[in-house]
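Novice:
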Amino acid sequence: MSRVLIVGNGAREHALAWKIAQSPRCAAMIVAPGNAGTARAFRNAPIPTTDIAGIVALAASERIDLVVVGPEEPLARGLADALRTRGISCFGPGADGARIESSKAWTKALLHQASVPTARAETFSDIQRALPALEETAYPVVVKADGLAAGKGVTICATRREAETAVRESLEGGAFGVAGQTVLIEEYLVGDEVSVLALVDGETVVPLMPARDHKRIGEGETGPNTGGMGAYAPTALVDAAMHRRIMDEILRPTARALAERGIVYRGVLYAGLILTADGPKVIEYNCRFGDPETQVILPLLDADLLTLCAATAHGELASLVNMIRWHDAACVGVVLASGGYPGAYPTGLPITGLDNPDAAAMIFHAGTKGDDQQLVTSGGRVLTVVAVAPTLHDARARAYATAKCIHFDGVTYRRDIAARELPDS
Ligand code: AMP
Ligand code: GLY
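Numbering (the numbering used here), first residue to last: 1383 to 1807.
(1) Starting from I1669 and walking both ways along the beta strand (DSSP E), at which residues does that stretch end?
(2) Could you say if the segment 1489-1505 and the segment 1531-1541 meet the contact criterion of at least three C-beta pairs nearer than 8 Å?
(3) With C1408 and L1688 assumed to form a contact (beta carbons below 8 Å), what rounded beta-carbon distance in angstroms separates them?
(4) Please report the distance separating the alpha-carbon of R1511 from that of Y1667.
(5) Can you tell me whether L1492 sits near ligand 1, meaning its C-beta is under 7 Å from at least one heavy atom of the ligand?
(6) Would you call the segment 1695-1709 and the segment 1636-1644 in contact, with 3 or more CB pairs under 8 Å?
(7) With distances taken from each beta carbon to the nearest heavy atom of ligand 1, which residues come in below 7 Å, in chain order?
(8) Alpha helix (DSSP H) containing P1808: first to last residue?
(9) Where does N1417 sit, in a helix, a strand or coil, going by DSSP?
(10) Which runs of the beta strand (DSSP E), 3 residues or longer, sit entirely within the segment 1685-1772?
(11) Do you know offhand how far P1415's Cα is from T1431's?
(12) Given the structure, does E1675 come close to ligand 2, in the sense that its CB is under 7 Å from one of the ligand's heavy atoms?
(13) Closest Cβ-Cβ distance between S1384 and chain C: below 8 Å?
(14) Where in the segment 1571-1612 do unbroken runs of the beta strand (DSSP E), each at least 3 residues long, occur, reported from the N-terminal end onward?
(15) Just to check, is the beta-carbon of N1668 closer than 7 Å to a non-hydrogen atom of ligand 2?
(16) Report the three-state DSSP secondary structure of S1384 (helix, strand or coil).
(17) Out of A1561, E1631, S1760, F1746, which one is the CA nearest neighbour of V1498?
(18) Since I believe V1565 is in contact with F1506 (beta carbons under 8 Å), could you give me their beta-carbon distance rounded to a whole number of angstroms?
(19) What does a CB cutoff of less than 6 Å around G1562 pick up in its chain, not counting 5 residues either side in sequence?
(20) Tell me where the beta strand (DSSP E) around T1505 begins and ends.
(21) Pick helix, strand or coil for I1788, following the three-state DSSP scheme.
(22) Who are the near neighbours of R1425 in its chain, counting only those whose CB is closer than 6 Å to its CB and skipping five residues on each side?
(23) Taking the straight line between their C-alpha atoms, what separation do you get for T1489 and E1483?
(24) Along the chain, where does the alpha helix (DSSP H) containing A1458 start, and where does it finish?
(25) What are the start and end residues of each continuous beta strand (DSSP E) run of 3 or more residues lying completely inside the segment 1646-1670, in chain order?
(26) Are the CB atoms of L1718 and A1783 within a distance shorter than 8 Å?
(27) Enumerate in chain order the residues of its own chain whose CB-to-CB distance from D1447 is below 6 Å, with the five nearest sequence positions on each side excluded.
(28) In the DSSP assignment, what are the bridge partners of V1523?
(29) At what residues does the beta strand (DSSP E) containing V1449 begin and finish?
(30) Measuring CA to CA, which of T1500, E1544, L1757 is closest to L1516?
(31) Indicate, with yes or no, if ligand 2 has a heavy atom lying under 7 Å from the CB of G1672.
(32) Flag G1610 as yes when its Cβ comes closer than 7 Å to any non-hydrogen atom of ligand 2, and as no otherwise.
(33) With hydrogens ignored, establish whether the beta-carbon of D1508 is closer than 7 Å to any heavy atom of ligand 2.
(34) Among the residues of its own chain, which have a CB less than 6 Å from the CB of I1665, if the five just before and after it don't count?
(35) Does at least one heavy atom of ligand 2 sit under 7 Å from the Cβ of D1684?
(36) Looking at ligand 2, does it come within less than 7 Å of D1595, judged from the CB to the closest heavy atom?
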């Protein structure tokens, strides 16, 4: 039996807790700091995700057998290392492996050495060297802060002027702090974007179901980038042959390259890919589960997630490769956000209509607090409404039917999640 601690407070962590707690081996489930949804179903501990010492102390005092880390920041700050030093198992890489997300320049070099297809890029820390590169490049071009910038470090620049502004803001203006003291000037790739995640235990790589995320706030992929406004799986864009190709050309060679550098990577390797005319290419790697992809992948997983996460943390995935099964169904997740997100938004607004009349739907909480008497908004992304059904069409219809019943002032969501793969909708 295992006592489990999940670190994070989003809908991703609510989904992880929900799925892991279904395991007959789960003896206790604590979420730090969690949200109103995780408080209702499990137990919250009010420790911020970046309080490394606080999380380690909590795991020790609660006799936790396995910590599953949701967000990248604590991993980049060495939470997994600190836990392992205390003899506590952790699902999530150490700070060395988390560099795959926390340094885009480091990752570019890794991918080049491993011959993994990725967008061409050059790295600069000196403005005098960066500016001439903007004369030579084709447009649009992508300017990226090297380090973690809470999802804001990427600018797609249509003109040289825009690119110069982005480079200056990062290198001279300190827009992203130390994370932006190095920038990448990267080739803009044309094609569909997909998220392909895998469990990695240092040696064995186990594919998860590919998903698609909708990142822009506006319908038809318009407007500013967000943390993710919805997702679905499976996607016809990645059929079995394409999935095999992505595993063989991208994820397995990346995992091998990490191992060759002496990094024992134990957690999720998440490849953000563009399916270009020349094949799939990496635009980013994340060192963790995706949000909102996780909310649509886990309901389709027909396997014990606690067993899988523990095996990943212990380097024992090889024995479970054949344990993973997927339900023959589709899943759609719609994110309900606060009015104004991803800009400024109000909080503390009462939420109603969560009674969830449809048995096929689930509501994963993110920016919520309070209790059943008075549940209120407390963040930009408030809820992910998820539905599973035999077809993508039905999963989509049922997710929206439930979303429609939920209300808070200014509630904002996209009406076109998964619509592209359903020409009749
Ligand atoms: P990120 O913050 O790294 O997730 O990047 C934000 C978004 O920018 C991605 O989801 C892509 O849609 C887009 N993007 C990043 N890099 C590229 C690229 N090289 N070519 C085209 N689009 C990109
Ligand atoms: N869905 C994008 C991310 O988790 O970074």
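All C-beta atoms in this analysis are idealised placements derived from N, C-alpha and C, irrespective of residue type, glycine included.
Specialist: To lay it out plainly:
(1) For the sequence presented, residue 1669 should be read as Cys rather than Ile. Careful: C1669 lies outside any beta strand (DSSP E) and carries neither H nor E.
(2) no
(3) 5 Å
(4) 26 Å
(5) no
(6) no
(7) A1501, V1524, K1526, G1533, G1535, V1536, I1538, E1568, E1569, Y1570, L1571, E1575, K1597, N1607, G1654, I1656, I1665, E1666
(8) Residue 1808 lies beyond the stretch modelled for the chain, which goes from 1383 to 1807, so this question has no answer here.
(9) coil
(10) 1712-1719, 1743-1747, 1750-1752, 1757-1759, 1763-1771
(11) 7 Å
(12) yes
(13) No chain C is part of this structure, which consists of one protein chain only.
(14) 1574-1582, 1587-1589, 1598-1600, 1604-1607
(15) yes
(16) strand
(17) E1631
(18) 6 Å
(19) A1527, S1552
(20) 1503-1506
(21) coil
(22) I1412
(23) 8 Å
(24) 1454-1458
(25) 1649-1658, 1661-1668
(26) no
(27) S1384, R1385
(28) C1539, E1569
(29) 1448-1451
(30) E1544
(31) yes
(32) yes
(33) no
(34) A1501, G1654, I1656
(35) no
(36) yes
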